[in-house]
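Numbering-wise (my numbering), the sequence shown opens with residue 2 and increments by one.
To start, the structure itself, in structure tokens.
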Amino acid sequence: MSLIVQISDPHFGTERPDVVEALHASVVSLQPDLVILSGDVTQRARRSQFAAARRFVDGYARPTLVVPGNHDVPLLNVFARIFDPFGNYRRAFGDDLEPVFDGGDVLAIGVNTVRPARHKNGEVSDVQIARVATRLRRAGDGQLRIVVTHQPVHVIREKDIANLLINCERAVAAWAEAGADLVLGGHIHLPYVRPLDGEPRKLARPLWSVQAGTALSTRIREGISNSFHVIRRDTTDACVVEQWDYDEAARQFKPGGRTVIPLWR
Numbered sequence: 002m003s004l005i006v007q008i009s010d011p012h013f014g015t016e017r018p019d020v021v022e023a024l025h026a027s028v029v030s031l032q033p034d035l036v037i038l039s040g041d042v043t044q045r046a047r048r049s050q051f052a053a054a055r056r057f058v059d060g061y062a063r064p065t066l067v068v069p070g071n072h073d074v075p076l077l078n079v080f081a082r083i084f085d086p087f088g089n090y091r092r093a094f095g096d097d098l099e100p101v102f103d104g105g106d107v108l109a110i111g112v113n114t115v116r117p118a119r120h121k122n123g124e125v126s127d128v129q130i131a132r133v134a135t136r137l138r139r140a141g142d143g144q145l146r147i148v149v150t151h152q153p154v155h156v157i158r159e160k161d162i163a164n165l166l167i168n169c170e171r172a173v174a175a176w177a178e179a180g181a182d183l184v185l186g187g188h189i190h191l192p193y194v195r196p197l198d199g200e201p202r203k204l205a206r207p208l209w210s211v212q213a214g215t216a217l218s219t220r221i222r223e224g225i226s227n228s229f230h231v232i233r234r235d236t237t238d239a240c241v242v243e244q245w246d247y248d249e250a251a252r253q254f255k256p257g258g259r260t261v262i263p264l265w266r
């Protein structure tokens, strides 16, 4: 079975050095089958910030799926934002902005939800929704099926409604019907795990939202510590999402809350 680490919103350029070391140690120790980096890799999309992120990823030497976040396109460099918004991202992580990992009992599908003209707000198009659904239908019966976006498809606070991924309701319905198990995201620096199937939304099958906090940044909000997720698939009928929080005194990440997610097959 598989072990997956989800890192989100490291915002290289605002990273905390002690936390970087602690996260590196955790990933090396866990030896995940896959690391998922769900956007906002950098703070201002500068080459030096992407270079630092690339060094971090190379340092733990595990398969990694990366999607961009809104901070990964230039904000102040208007020319680059218009004509080459993902230029520095591509130099660090390659030309594929929507990578797919298909390995063993895990299928993870990346979705580029960044729209440079929108600055902050993310969007998923009908074409993207259909592409992901088609790929999900080709998954193996025993695979854990994950979709990765940056902006959330579900929020738990009224003030975060404005941060919802545009067209997310259509995406959630289509991806659930196509067989997705989890939708991983970041953006709002608030970690939580919630079911998406239920009132008032009724889906064709169960689907869960897994939202990660900021892994490395000083941009901690409302006293919520740096964190990342560990997703364990130890049985065929369930997976477990663990939230690992940074312990300031011990200078290391420690496992905390666990959510057991039944897998509907």
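Quick reminder that beta carbons are idealized off the backbone N, C-alpha and C, glycines included.
Bear in mind that the values here come from a model prediction, so they are computed numbers and not experimental data.
**Message:** Tell me the residue span of the beta strand (DSSP E) that contains S39.
**Reply:** The count along the sequence shown starts at 1 and reaches residue 39 at position 38. Counting along the chain, the beta strand (DSSP E) containing S39 begins and ends at L35 to S39.
**Asked** Out of curiosity, what's the CA-to-CA distance linking N89 and A54?
**Response** As a position in the sequence shown, residue 89 is number 88, starting the count at 1. As a position in the sequence shown, residue 54 is number 53, starting the count at 1. Looking at the two C-alpha atoms, the distance is approximately 12 Å.
**Asked** Between the Cα of P33 and the Cα atoms of Q7, V21 and A46, which residue gives the shortest distance?
**Response** Taking the first residue of the sequence shown as 1, we reach residue 33 at position 32. Of the listed residues, the one whose Cα sits closest to P33 is Q7.
**Prompt:** How many angstroms separate the CA atom of F13 from the CA atom of V74?
**Reply:** Residue 13 sits at position 12 when you count from the first residue of the sequence shown. Residue 74 sits at position 73 when you count from the first residue of the sequence shown. For F13 and V74, the distance between alpha carbons rounds to 13 Å.
**Candidates L137, T150, G199 and V149, of which the one nearest E178 by Cα** = Counting from one through the sequence shown, the residue named residue 178 turns up at place 177. Taking only the C-alpha atoms, the option nearest E178 is L137.
**Prompt:** From which residue to which residue does the alpha helix (DSSP H) around H25 run?
**Reply:** To locate residue 25, count along the sequence shown from 1; it is residue 24. Start and end: P18 to L31.
**Request:** Using the Cα positions of P69 and D97, report the straight-line distance between them to the nearest angstrom.
**Result:** Indexing the sequence shown from 1 puts residue 69 at position 68. Indexing the sequence shown from 1 puts residue 97 at position 96. Those two C-alpha atoms are separated by around 10 Å.
**Prompt:** In terms of DSSP beta bridges, what is W209 paired with?
**Reply:** Position 208 of the sequence shown, counted from the first residue, corresponds to residue 209. Answer is L183 and P196, bridged to W209.
**Item:** Rounded straight-line distance, which links the Cα of G123 to that of N164
**Value:** Taking the first residue of the sequence shown as position 1, residue 164 is located at position 163. Taking the first residue of the sequence shown as position 1, residue 123 is located at position 122. One C-alpha to the other measures close to 8 Å.
**Request:** Go ahead and pull the three-state DSSP assignment for V154.
**Result:** Stepping through the sequence shown from its first residue, residue 154 is reached at position 153. If DSSP states are grouped into helix, strand and coil, V154 belongs with coil.
**Prompt:** In three-state DSSP terms, what is P117?
**Reply:** Here residue 117 refers to the residue found at position 116 of the sequence shown. Helix.
**Message:** The alpha helix (DSSP H) that contains T65, what's its start and end?
**Reply:** Mapped onto the sequence shown, residue 65 falls at position 64. Counting along the chain, T65 falls outside any alpha helix (DSSP H), though it belongs to the beta strand (DSSP E) covering T65 to V68.
**Message:** On the DSSP letters alone, give me the boundaries of the beta strand (DSSP E) that D248 sits inside.
**Reply:** By one-based count along the sequence shown, residue 248 stands at place 247. A239 to D248 is the span of the beta strand (DSSP E), which, as asked, contains D248.
**Prompt:** DSSP three-state call for V79: helix, strand or coil?
**Reply:** If you number the sequence shown from 1, residue 79 lands on position 78. V79: helix per DSSP, three-state reduction.
**Message:** Tell me whether D85, by its Cβ, gets closer than 7 Å to a heavy atom of the ligand NAD.
**Reply:** Looking at this structure, you won't find the ligand NAD or any other ligand, since it has none at all.
**Message:** Suppose the cutoff is 7 Å on Cβ atoms and the five residues either side in sequence are ignored; what does the same chain contact list for C240 look like?
**Reply:** The residue you call residue 240 lines up with position 239 of the sequence shown. Taken in chain order, the residues that qualify are L145, I232, R233, R234, I262 and L264.
**Prompt:** Which residues bound the beta strand (DSSP E) around F254?
**Reply:** Residue numbering aside, residue 254 sits at position 253 when the sequence shown is read from its first letter. Q253 to P263 is the extent of the beta strand (DSSP E) around F254.
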